[in-house]
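Trainee: I am attaching a structure below and will ask some questions about it afterwards.
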């Protein structure tokens, strides 16, 4: 079963059009979550195999770059199969569109990148209210970020944005926009985004970030923009973890005086709000599903 569909008459591949006709309802959401956890279980088996067959150090260092895609393969196979079954019977909507309200792709990329950086700072006070992270979770997070930088970047800054945005925005949110009001669709997709992180300390910030990503996707239909925002957010964590003296710092508030922290927090809040207002100003086109373009009927 192919994940990606070849464009007719072109020598390139559209990474997302295979899924245009999969518009998941609530029963499909249950299956997608089950299949994700099945993929996670398969990934765990691979990790155990690497540890037993090669070494524990190898599994910890290189396992994630192998395991991460495996987590999503069952869900991708299911979505592809249902989409192909629906071709010719149900309308389709593109996973990735470019409804930018007349703005250039470059300007939108710049706007959402600033929003991602601002959001990472603005949600910090909420993260600070959570209970202390367990020692086991701290160790797991350290192991995730302490490998070779190229492995960490591939896993955290490439695979995570690509696969998680495909699932949570491109598949789940897009499908829900046809079933429920946009606010509910954004909230439910953000809730699932938090759930798949499988721990409280990532799930709460992920839900908030997911709402922002969901709103950007709803208005623009652009999976590339939400992937970029996700990449910027994750890459910031990688960069901070590599700065000498900041490896063990959890929050900016720990290394900044209140006189510097509070004005910076307010500045980032204004930047985030300004970005959201720009996104809000983008008009929705008639016939589209939010910002997602309707695709030509399959023949």
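Residue numbers (the numbering used here): -11 to 287.
Here a beta-carbon is modelled for each residue, glycine too, at the ideal position from N, C-alpha and C.
1. What are the residues that DSSP puts in a beta bridge with residue 175?
2. Express the C-alpha separation of residue 77 and residue 20 in angstroms, rounding to a whole number.
3. Any idea what DSSP makes of residue 277, helix, strand or coil?
4. If we ignore side chains and look at the alpha-carbon of each, how far apart do residue 151 and residue 176 end up?
5. Taking only runs of the alpha helix (DSSP H) that begin and end inside the region 55 to 115, which ones reach a length of at least 4 residues, in chain order?
6. Going by other Cβ atoms of all chains shown within 10 Å of its Cβ, with 16 needed for buried, is residue 338 buried or exposed?
7. Report buried or exposed for residue 13, applying the criterion of at least 16 other Cβ atoms within 10 angstroms of its Cβ.
8. Which word fits residue 149, buried or exposed, when buried means at least 16 other C-beta atoms lie within 10 angstroms of its C-beta?
9. Going by Cα to Cα distance, which pick from 49, 159 and 109 is closest to residue 228?
10. So what does residue 282 bridge to, in DSSP terms?
11. Would you call the region 34 to 49 and the region 85 to 102 in contact, with 3 or more CB pairs under 8 Å?
12. Tell me whether residue 245 is buried or exposed, calling it buried when 16 or more other Cβ atoms sit within 10 Å of its Cβ.
13. What residues in its chain sit with their C-beta under 6 Å from that of residue 178, if we drop five residues either side in the sequence?
14. Starting from the C-beta of residue 83, find all residues in its chain whose C-beta is less than 8 Å away, skip the five residues before and the five after it, and write them out in chain order.
15. Contact defined as beta carbons within less than 8 Å: I believe residue 298 pairs with residue 95. What is the distance between those atoms, to the nearest angstrom?
16. Grab me the residues of residue 187's own chain with a C-beta within less than 7 Å of its C-beta, minus the 5 sequence neighbours each way, in chain order.
Mentor: Looking at the coordinates:
1. Along the chain shown, read from residue 1 onward, the residue named residue 175 stands at position 187. According to DSSP, residue 175 bridges with nothing at all.
2. Here residue 20 refers to the residue found at position 32 of the chain shown. Here residue 77 refers to the residue found at position 89 of the chain shown. If I take the Cα positions, the gap works out to 22 Å.
3. Within the chain shown, numbered from 1, the residue matching residue 277 stands at position 289. Three-state result, residue 277: strand.
4. As a position in the chain shown, residue 151 is number 163, starting the count at 1. As a position in the chain shown, residue 176 is number 188, starting the count at 1. If you take the alpha carbons of residue 151 and residue 176, they lie about 18 Å apart.
5. 93 to 110
6. With the chain running from -11 to 287 in the structure shown, residue 338 is simply not present.
7. Translated into the one-based positions of the chain shown, residue 13 becomes position 25. Exposed, since its Cβ has fewer than 16 Cβ neighbours within 10 Å.
8. In the chain shown, residue 149 corresponds to position 161, counting from 1. So residue 149 counts as buried.
9. Residue numbering aside, residue 228 sits at position 240 when the chain shown is read from its first letter. Ranking the options by Cα distance to residue 228, first place goes to 109.
10. Looking up residue 282 in the chain shown gives position 294. Bridge partners of residue 282: 81.
11. no
12. For the purposes of this step, residue 245 is taken as residue 257 along the chain shown, with counting starting at 1. Answer is exposed; the Cβ neighbour count stays below 16.
13. One-based indexing of the chain shown puts residue 178 at position 190. For residue 178, where only same-chain residues beyond five positions count, the Cβ hits under 6 Å are 195, 198, 199 and 202.
14. Walking along the chain shown from the start, residue 83 turns up at place 95. Only 4, 5, 7, 8, 154, 158, 159, 162, 211 and 280 meet the Cβ criterion.
15. Residue 298 lies beyond the stretch modelled for the chain, which goes from -11 to 287, so this question has no answer here.
16. One-based indexing of the chain shown puts residue 187 at position 199. For residue 187, where only same-chain residues beyond five positions count, the Cβ hits under 7 Å are 125.
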